[in-house]
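Numbering-wise (our numbering), the sequence shown opens with residue 35 and increments by one. First up is the structure itself, then whatever we jot down about it.
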Amino acid sequence: MFEIMIALFFYAFYVALFLWLSLFILRIYFVIKERYNLKERLIILIVPLSIGYYQIVSKNKQSPFYNFIVILTCISCLLASILPIYMHLRLNII
Numbered sequence: 035m036f037e038i039m040i041a042l043f044f045y046a047f048y049v050a051l052f053l054w055l056s057l058f059i060l061r062i063y064f065v066i067k068e069r070y071n072l073k074e075r076l077i078i079l080i081v082p083l084s085i086g087y088y089q090i091v092s093k094n095k096q097s098p099f100y101n102f103i104v105i106l107t108c109i110s111c112l113l114a115s116i117l118p119i120y121m122h123l124r125l126n127i128i
């Protein structure tokens with residue numbers, strides 16, 4: 035059981051990296067598709083945690099798929115952050 039928990043936290047890290055990369059690719063796609071000016075493009079692409087995307091893109095043009103991927107990324111990052119905390123504090127739950 036303990037090995038399954040460690041494996042879950044370990045793979046959540048890689049899933050979070052993959053989802054983060056897919057979010058960045060989706061932002062590049064939205065920037066190319068919608069023809070924003072240079073300043074707005076840079077804000078959408080560079081500002082972390084999709085804050086630039088949510089600030090610039092109007093509510094009716096936001097993709098529900100993008101929002102779903104953001105939620106999955108947050109959940110995966112939370113799961114992935116448990117493993118380093120567990121290892122650092124040397125918790126004994128068994």
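Glycine residues also receive a C-beta, built at the ideal position from the N, C-alpha and C atoms.
Helix, strand or coil at residue i according to DSSP, with G and I counted as helix
i: residue 56; result: helix
i: residue 61; result: helix
i: residue 94; result: helix
Neighbourhood of residue i by C-beta distance below 7 Å, restricted to the same chain and skipping five residues each side
i: residue 88; result: none
Alpha-carbon spacing of residue i relative to residue j, whole angstroms
i: residue 40; j: residue 118; result: 10 Å
i: residue 96; j: residue 51; result: 22 Å
i: residue 120; j: residue 69; result: 45 Å
Pair within 8 Å by beta-carbon distance, residue i and residue j
i: residue 90; j: residue 78; result: yes
i: residue 55; j: residue 84; result: no
i: residue 53; j: residue 106; result: yes
Spatial neighbours of residue i in its chain, beta-carbon cut-off 8 Å, leaving aside the 5 residues before and after
i: residue 75; result: 65
Contact between the segment 104 to 119 and the segment 40 to 48 (3+ Cβ pairs under 8 Å): yes
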